[in-house]
Every structure is written in C-alpha cells, then in structure tokens.
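Since the structure comes first, as structure tokens, the remarks are kept for the end.
Numbering (this note's numbering), first residue to last: 2 to 270.
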C-alpha cells in the first residue's frame, strides 16, 4: 500500500526538468580526491537528494529541436525535498499555449492560470506523504533504471557557474526502447510534444543521453537527449540551469497557494 501511495505522488510531482540529487561526490580536481567519482553514485543522484540539500532556487532554460522547428522555454524553479516545488514560466516560444504556475506540497498540487482566471487542483489519495517514503521509492526506482544503461564518466564541466560531473547514459541493447521517454526534465518534453504536430512516435529511438550533476550536491544541473528516426534525422532536447542557488532558506509560503477571489477553481479527480 505504501509503495502505491508514493508511486501516485511521484506521478504528479514531475514539474521541472530536473529531478533530485543524491550523495555528495568529491570533485576529481579536489586535492582530497584521488579517483574519479563512481558513475553508479552519480546516477543515483538523478533520483535521490543529497542529505545536505535543503532547497533549490534557480532559472532553467529548455530547448527542443526537430521537425524543422525549435521551441524554447525559461522557467523559475523552486524546490525543497521531497514534496515541495514551485515552477513559473518566464518565457516561452509557444505563445499560443497557456502556461500555468505549478505549486506542489505534501497534500495538494495546483495549476494556476492567471490570464484565464482559473485554478485546478488535485489531492492524491493517501496524502500527506512523508519524505522518507518518497526517498525510499526513488531509491528503488534508481536501482531499477540503472539496469537499463551502461554508464561512462565524462569528466567535469561548468554549468550555471558551478562545477559539474558529466555522466553519459548509453541504453543497453536489450533494453533500447522506441518512443519518447525521459529520466529528468519531463516538463520540457511534455511542452514540446503538445506544441508540435507530432507523428510516428514509435519510430524514435534514444541514441544519446547526458546528465551534468553538481559536484557538491550531486544534483542534476543539465540534461541533453538525442533521438534518431529511422530515416536518420535527429531530435534533440537540452535543459539546464542558467543560474542556481542551493540552501537559500525557502519559506513554507513559497509552496502554498490560496486562489484569488475572482478565480474559478476546479478539482481534478
């Protein structure tokens, strides 16, 4: 029962492109570090927060390129382990789409559309959820997903003025899947696929996937994925922080929402 409750919450909490960090990994350039970081530890950081990570506050940019067009989006992301998150779109090339402010906490998820004067909310069965439950579920998820990839450490890079470890994920032959799916950054993918005339999804196959993880907190800072169609044409999505601050002391009010009086409110069941 616990697993089903947590899985339900995980399904509604994907509001940003980037999932959470895990165990702190020392930089290979650090005098106290003599070896490269363990790829398995880096991979786990895609799903599980570092114990020292209290909150994340930053601006994320995403770009989707394919089908003879390029789409882009900038979002302000605020997150706190494990249930609290807030996402607001700052810029979007999809001008014909309404982009809501997304607010999630341990009991409720809100979609607020200021221009439409509308707010939708969803209360999952079994809420509120405990952080320990979600952390355990994400750890199990990381172990399952790990079996689908061969991992290769790609050295260090800089993202949002922070040192990052580069991790390449290569799908194993026996687990290669067609179609669009993601590990992190799902909001950008949904945005892209809803915006284009998307056909023949089953002809797409993931050919490369790279994640950049913060060297201090092992938190994903950037992700790049490339798919290839049967005719050889490629489709790319890149999403990453342009600026980010960790442990800034986000208040509870950041993740709470009270609809204005002139807003129509609807419950999603």
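Beta carbons are placed, not taken as given, at the ideal position from N, Cα and C, and that holds for glycine.
Taking a contact to mean a Cβ-Cβ separation below 8 Å, would you say residue 160 touches residue 242 in this structure? yes
Going by C-alpha to C-alpha distance, which of 61, 66 and 84 sits closest to residue 77? 61
Taking just the CA atoms, how far does residue 131 sit from residue 225? 31 Å
Shortest alpha-carbon distance to residue 106 belongs to which of 83, 99, 266 and 68? 83
For residue 272 and residue 245, I'd like the C-alpha separation in whole angstroms. Here the chain comprises residues numbered 2 to 270, so residue 272 is not present and cannot be evaluated.
Within its chain, find whatever has a CB closer than 7 Å to the CB of residue 158; leave out the 5 residues flanking it on each side and keep chain order. 165, 167 and 213
With a threshold of 7 Å on Cβ separation, who are the neighbours of residue 251 within its own chain once the five nearest residues in sequence on each side are excluded? 56, 58, 79 and 81
Give a yes or no on whether the C-beta atoms belonging to residue 128 and residue 47 are separated by under 8 Å. no
Give every residue of the same chain whose Cβ lies closer than 7 Å to the Cβ of residue 108, excluding the five residues on either side of it in the sequence, and list them in chain order. 124, 128 and 129
Roughly how far, in whole angstroms, is the beta-carbon of residue 63 from the beta-carbon of residue 74, given that I think they are within contact range, below 8 Å? 5 Å
Smallest Cα separation from residue 210: which of 236, 104 and 218? 236
Please classify residue 53: does DSSP put it in a helix, a strand, or coil? coil
Would you say residue 172 and residue 207 are within 8 Å of each other, going by their C-beta atoms? yes
Could you check if residue 219 is buried or exposed, using at least 16 other CB atoms within 10 Å of its CB as the buried criterion? buried
Tell me, please, whether the segment 249-265 touches the segment 83-103 by the rule of three or more beta-carbon pairs shorter than 8 Å. yes
Could you check whether residue 72 and residue 99 sit closer than 8 Å to each other, using their CB atoms as the reference points? no
In angstroms with no decimal places, state the Cα-to-Cα distance between residue 162 and residue 270. 42 Å
If you draw a straight line from the alpha carbon of residue 114 to that of residue 264, how long is it in whole angstroms? 9 Å
When burial is assigned at 16 or more other CB atoms within 10 Å of the CB, is residue 120 buried or exposed? buried
State yes or no: is the C-beta of residue 40 within less than 8 Å of the C-beta of residue 217? no
Residue 267 in three-state terms, based on DSSP: strand
Beta-carbon gap between residue 141 and residue 49 smaller than 8 Å: no
I'd like to know whether the C-beta atoms of residue 156 and residue 169 end up nearer to each other than 8 Å. no
Residue range of the unbroken alpha helix (DSSP H) whose run includes residue 247: Premise fails: residue 247 lies in the beta strand (DSSP E), 235-247, not in any alpha helix (DSSP H).
Quick one: is residue 271 buried, meaning 16 or more other Cβ sit within 10 Å of its Cβ, or exposed? No answer is possible for residue 271: it lies beyond the span of the chain, which begins at 2 and ends at 270.
Quick one: what does DSSP say residue 90 is sitting in, helix, strand or coil? strand
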